[in-house]
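> Here you go, one structure.
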Amino acid sequence: MMIIDFHAHVYPNRIADKAVHNVSKFYNIETRHDGTAETLLEIGRRAGIDKFLIHSVAQKPEQVRIINNFIAAQRNDSPDVFIGFGSLHIDVRDPEAEINNIIALGLRGVKLHPDIQGYYIDDERMLNIFSLLEGRLPVLIHAGDYRYDYSHPSRIARVIDYFPKLTVIAAHFGGWSIFDLALEYLEDRFCYLDVSSSMMFLGARRSEELIRAYGADRILFGSDYPMWDPASELERIQALNISGEERDLILYGNALKILS
């Protein structure tokens, strides 16, 4: 059995403290770790997590290339453990060139965070970017926040409807802090969902209900490191009352399908 954590953020050592502080402030949640790749690798060794999908968020368009080069370098330093997703921004000057660069760097997909980046995920400019990604790279989208409308599940549903061949992973059970509302919009649309930053709020019983509502063949394990501890999040998955087949799909089977 393999274990893949499909949702982990890493930052350069020189700015990790600042980055983690800013994330903690944005969500008003105390983060568990320092956000460095070294700490993540050590946690993985101790917890028996084989691979991590790592990414970061470009808050400005000029940060896209810098962040993608950093993620690629971390992946190259630890190719047996790290899988990289690149970043994009709605205001990049040449989206197609950035997507080509992501592919050239060996990154396997794209991570978007509309709430932090400050745009609606179904903005017309983003629809152009999705048209360039469809059939080429999967997209992991931060989904949901009761405080904002940028990544509302209804907007993600619109993206899925427009681009049926786009592989979409809606983070946080499709709607952080609005989990049940996400189910209303995403239950009958095909996308994957990860469990990051969710189970500690939902509890085991509701997590199991959502897994069964969506189907385990759509769910991915993710910790949202450094906000949460990957080892503890893995324990939450292991403790759920689900079948071995369902657990295997969540821990690695669905991830391998997306990355194949």
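Position one of the sequence shown corresponds to residue 882 (the working numbering), numbered consecutively onward.
Glycine is no exception: its CB is placed at the ideal position from the N, C-alpha and C atoms.
Would residue 1104 be called buried (16 or more neighbouring beta carbons within 10 Å of its own) or exposed?
On the sequence shown, position 223 is the one that residue 1104 refers to. Counting Cβ neighbours within 10 Å, residue 1104 comes out buried, since at least 16 surround it.
> Is the region 905 to 921 touching the region 1107 to 1123 in the sense that three or more CB pairs, one from each, lie closer than 8 Å?
yes
> State the Cα-Cα distance for the pair residue 1070 and residue 959, rounded to the nearest angstrom.
On the sequence shown, position 189 is the one that residue 1070 refers to. On the sequence shown, position 78 is the one that residue 959 refers to. In this structure, the straight-line span from the alpha carbon of residue 1070 to that of residue 959 is close to 35 Å.
> Relative to the C-alpha of residue 931, which residue among 1132, 1061, 980 is closest?
On the sequence shown, residue 931 is found 50 positions in, with the first residue counted as 1. Nearest C-alpha to residue 931: 1132.
> List the endpoints of the continuous beta strand (DSSP E) containing residue 965.
Start at 1 with the first residue of the sequence shown, and residue 965 comes out as number 84. The continuous beta strand (DSSP E) containing residue 965 extends over residues 963 to 965.
> Go ahead and pull the three-state DSSP assignment for residue 1021.
Along the sequence shown, one-based indexing puts residue 1021 at 140. Residue 1021: strand per DSSP, three-state reduction.
> In its own chain, which residues sit with a C-beta less than 8 Å from the C-beta of residue 1057, not counting the 5 before and 5 after it?
Position 176 of the sequence shown, counting from 1, holds the residue named residue 1057. Here the set comprises 1023, 1024, 1025, 1026, 1078, 1079.
> Could you tell me the alpha carbon to alpha carbon distance between residue 866 and residue 898, rounded to whole angstroms?
Residue coverage of the chain in this structure runs from 882 to 1141, which leaves residue 866 outside it and unanswerable.
> Note down, in chain order, each residue of its chain lying with its Cβ closer than 6 Å to the Cβ of residue 1010, except the 5 sequence neighbours on either side.
Position 129 of the sequence shown, counted from the first residue, corresponds to residue 1010. Answer for residue 1010: 976, listed in chain order.
> By DSSP's criteria, residue 933 is part of a beta bridge. Which residues make up the other side?
Here residue 933 refers to the residue found at position 52 when the sequence shown is read from its first residue. Paired residues: 886, 963.
> Compute the beta-carbon to beta-carbon distance between residue 891 and residue 937, rounded to the nearest angstrom, for a pair I have assumed lies under 8 Å.
By 1-based counting over the sequence shown, the position of residue 891 is 10. By 1-based counting over the sequence shown, the position of residue 937 is 56. Sure, about 7 Å apart at Cβ, within 8 Å.
> Residue 1059 to residue 1028, Cα distance in whole Å?
Position 178 of the sequence shown, counted from the first residue, corresponds to residue 1059. Position 147 of the sequence shown, counted from the first residue, corresponds to residue 1028. Approximately 10 Å between the Cα atoms of the pair.
> Exposed or buried, what is residue 1100 when buried is set at 16 or more other beta-carbons lying within 10 Å of its beta-carbon?
Your numbering for residue 1100 matches position 219 in the sequence shown. Residue 1100 is buried by the Cβ-count criterion.
> Which same chain residues end up closer than 7 Å to residue 988 when comparing Cβ atoms and leaving out the 5 residues on each side of it in sequence?
Taking the sequence shown and counting its residues from 1, the one referred to as residue 988 is at position 107. Excluding sequence neighbours, residue 988 sits near 949, 952, 953, 965, 966, 967.
> So, using beta-carbon positions, are residue 1048 and residue 1076 closer together than 8 Å?
Working through the sequence shown from its first residue, we reach residue 1048 at position 167. Working through the sequence shown from its first residue, we reach residue 1076 at position 195. Going by C-beta atoms, residue 1048 is not nearer than 8 Å to residue 1076.
> Could I get the ranges of all uninterrupted beta strand (DSSP E) runs contained in the region 1043 to 1099, with 3 residues as the minimum, in chain order?
1049 to 1051, 1073 to 1075
> Can you find the residues in the same chain that come closer than 7 Å, C-beta to C-beta, to residue 1014, ignoring five residues on each side of it along the sequence?
By 1-based counting over the sequence shown, the position of residue 1014 is 133. Correct list, in chain order: 980, 991, 1020, 1047.
> Is the beta carbon of residue 972 less than 8 Å from the beta carbon of residue 995?
Reading the sequence shown from its first residue, position 91 is the one you call residue 972. Reading the sequence shown from its first residue, position 114 is the one you call residue 995. Against a cut-off of 8 Å, the Cβ pair of residue 995 and residue 972 comes out as no contact.
> Rounded to whole angstroms, what is the Cα-Cα separation between residue 1055 and residue 884?
For the purposes of this step, residue 1055 is identified with residue 174 of the sequence shown, where counting begins at 1. For the purposes of this step, residue 884 is identified with residue 3 of the sequence shown, where counting begins at 1. Distance between the alpha carbons of residue 1055 and residue 884 is about 21 Å.
> Taking all protein chains shown into account, decide if residue 902 is buried (16 or more other Cβ within 10 angstroms of its Cβ) or exposed.
On the sequence shown, residue 902 is found 21 positions in, with the first residue counted as 1. Counting Cβ neighbours within 10 Å, residue 902 comes out exposed, since fewer than 16 surround it.
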